[in-house]
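Engineer: Residue numbers for the sequence shown, in this note's numbering: 1 to 344.
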Amino acid sequence: MKKASILLIYTGGTIGMMKDPVDGTLKPYDFSVFMEEVPELRKFALKIDSYTFDPLIDSSDVEPSMWQALAELIRDRYDDYDGFVVLHGTDTMAYSASALSFMLDDLAKPVVFTGSQLPIGVPRTDGKENLISSIEIASSMDAEGHAIVPEVVIYFNSKLMRGNRTTKTSSENFDAFSSPNYPLLGEAGINIRFFPEYIRKPLSWVAPLRINTTLDTRVSILKLHPGMTPDVLKHLLCGKETRAVIIETYGSGNAPTKPWFLDIIREAVAMGKIIVNVTQCLEGAVNMSLYEGGKAMHDAGVTSGYDGTTESTLAKLFFLLGLSKDNEAVRTRMEASLKGEISK
């Protein structure tokens, strides 16, 4: 019987760092050494190959060009492997997982993002368990030989989460990620327990993987705060090179009702700008009919982001803007769930 095969893709990040003996800073080390740090991988009845990005990319330096390269790599190796594990820095992992979820179409195999809070070579690292369980998840199949988790996910600290529903919530704890508005897809204890009712399945198990790598990044993010001035708001919303703006509003999508605020919103919408409303709150959804400020934004032409994360909303805009020059068509598609990123 043919062994399941996994491609382990090392992009960079803390999991593959070691402390420099001279200056004490964390620096990446050779991937062959990295494999020696996890001899447990040899106990899997799997074929595990590896690919290392060159140069390695620190999480803070991630750009859309890395997502494009990653999507192309998965497409080119798609027929050779049963699943993919992406080792990634934690700071921008939710952005990358969200982006890949939109860029990969007809995906029928797992793409599991993971990393660690401590380098894999230190005694108390969380990297070993995250890596080992991610490989097990990526290789898990049902009785019919189909992948149990055929979507882009993040596995971290025993939790399996949909990639475009995930956000980083701690810079210090091993429990660094959460999925505040969507249930876990699985949980690791003595065994890995999957929750199939929450896992997306492909329309076809045999369709070839398609990728969309044209992204338009002319998007800004504005977090509302007391004391915001008209000049700042107008600069961000009405800038010549801006096609879309994500506004992180208060509570359930509420915003100031001051005339100057709404006038600038209307001006930006009249210019054709796409304005998407997401909440600053970790949990919950935007409901622009609940309070006066939210209703005024809706009436001014602002689009609801529902219960989507800022990370997934940004990636979705990059993706849709790259597909179409028609902002009205993009605005319409923003309100639809494309890859399970919003509850609608």
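Built from N, CA and C at the ideal position, the CB exists for glycine as well.
Sorted by chain position, which residues of the same chain lie with C-beta nearer than 6 Å to ALA244's C-beta, five sequence neighbours on each side aside?
Structural biologist: VAL219, ILE274, LEU317
Engineer: Between which two residues does the alpha helix (DSSP H) harbouring VAL269 extend?
Structural biologist: VAL269 -> alpha helix (DSSP H) spans 259–270.
Engineer: Name, in chain order, the residues that DSSP records as bridge partners for VAL276.
Structural biologist: ILE246, THR303
Engineer: Please state the DSSP three-state secondary structure of MET17.
Structural biologist: In the three-state reduction of the DSSP assignment, MET17 falls in the strand class, which pools E and B.
Engineer: Output the boundary residues of the beta strand (DSSP E) element that contains VAL330.
Structural biologist: From DSSP, VAL330 is part of no beta strand (DSSP E) but of the alpha helix (DSSP H) over 327–334.
Engineer: Tell me the residue span of the beta strand (DSSP E) that contains GLU129.
Structural biologist: Looking at the DSSP string, GLU129 is not in any beta strand (DSSP E); the run it does join, the alpha helix (DSSP H), is 127–138.
Engineer: May I ask which residues mark the beginning and end of the alpha helix (DSSP H) holding VAL232?
Structural biologist: For VAL232, the uninterrupted alpha helix (DSSP H) segment begins and ends at 230–237.
Engineer: Is the region 157–164 in contact with the region 91–100, if contact means three or more CB pairs nearer than 8 Å?
Structural biologist: Counting Cβ pairs under 8 Å, three or more are found: they touch.
Engineer: Buried or exposed: ARG331, going by 16 or more other Cβ atoms within 10 Å of its Cβ?
Structural biologist: buried
Engineer: Given a cut-off of 8 Å on the beta-carbon distance, is the pair ALA71 and VAL112 in contact?
Structural biologist: No, they are not a contact pair.
Engineer: Name the one or two DSSP bridge partners that GLU36 has.
Structural biologist: GLU36 is not bridged to any residue.
Engineer: Based on DSSP bridge pairs, tell me the residues matched to ALA345.
Structural biologist: With the chain covering 1 to 344 only, the question about residue 345 has no answer from this structure.
Engineer: What distance in whole Å lies between the Cβ atoms of PHE102 and HIS319, which are believed to be in contact at a cut-off of 8 Å?
Structural biologist: This sequence places Phe at residue 319; His is not what is there. So it is a contact: roughly 4 Å between Cβ atoms.
Engineer: Buried or exposed: which applies to ASN173, given that a residue is buried once 16 or more other Cβ atoms fall within 10 Å of its Cβ?
Structural biologist: An exposed status is given to ASN173, since fewer than 16 other beta-carbon atoms sit within 10 Å of its beta-carbon.
Engineer: Would you report the Cα separation of ASN130 and MET288, rounded to the nearest angstrom?
Structural biologist: 39 Å
Engineer: Taking only three categories from DSSP, how would you classify PHE102?
Structural biologist: helix
Engineer: Identify the residues that DSSP records as bridge partners of ARG200: which are they?
Structural biologist: DSSP, once it has assigned bridges, lists no residue as partnering ARG200.
Engineer: Starting from THR313, follow the alpha helix (DSSP H) in both directions and report where the run begins and ends.
Structural biologist: 310–323
Engineer: If I measure Cβ to Cβ from ILE148 and keep anything under 6 Å in the same chain, skipping five residues before and after, which residues do I get?
Structural biologist: Non-local C-beta neighbours of ILE148 in its own chain, meaning closer than 6 Å and more than five positions away in sequence, comprise SER140, ASP142, PHE194, ordered along the chain.
Engineer: What residue range is occupied by the uninterrupted alpha helix (DSSP H) comprising ILE74?
Structural biologist: 64–77
Engineer: How is ASP58 classed by DSSP in three states: helix, strand or coil?
Structural biologist: coil
Engineer: If you follow the beta strand (DSSP E) that LYS223 is part of, which residue opens it and which one closes it?
Structural biologist: 219–223
Engineer: Is the Cβ-Cβ distance between LEU227 and ASN254 less than 8 Å?
Structural biologist: The identity of residue 227 in the sequence shown is Gly, whereas the question assumes Leu. It is not a contact, given that the beta carbons lie outside the stated cut-off.
Engineer: My assumption, with CB atoms under 8 Å, is that GLY305 sits in contact with VAL276. Please give the rounded CB distance.
Structural biologist: The beta carbons of GLY305 and VAL276 sit about 5 Å from each other, so the pair counts as a contact at 8 Å.
Engineer: Can you tell me whether ASP326 is buried or exposed, with buried defined as 16 or more other CB within 10 angstroms of its CB?
Structural biologist: exposed
Engineer: Can you tell which of ILE264, LYS223, ASN212 has its C-alpha closest to the C-alpha of GLY251?
Structural biologist: LYS223
Engineer: Identify, in the order they occur along the chain, each residue of the same chain with its Cβ nearer than 6 Å to the Cβ of GLY322, setting aside the five sequence neighbours on each side.
Structural biologist: THR214, LEU215, ASP216
Engineer: Would DSSP call ARG210 helix, strand or coil?
Structural biologist: strand
Engineer: When you compare only the Cα positions, how much space is there between ALA188 and ALA329?
Structural biologist: In this structure, the alpha-carbon of ALA188 lies about 41 Å from that of ALA329.
Engineer: Just to confirm my understanding: we take TYR10, look at its own chain, exclude 5 residues before and 5 after, and list those with CB closer than 8 Å. What are they?
Structural biologist: GLY16, PHE31, PHE34, SER50, TYR51, THR52, PHE53, LEU56, LEU87
Engineer: Helix or strand or just coil, what does DSSP make of ARG369?
Structural biologist: Nothing in the structure corresponds to residue 369, since the chain is present only between 1 and 344.
Engineer: Name the DSSP bridge partner or partners of SER178?
Structural biologist: THR167
Engineer: Do you know offhand how far ASP175's Cα is from GLY186's?
Structural biologist: 15 Å
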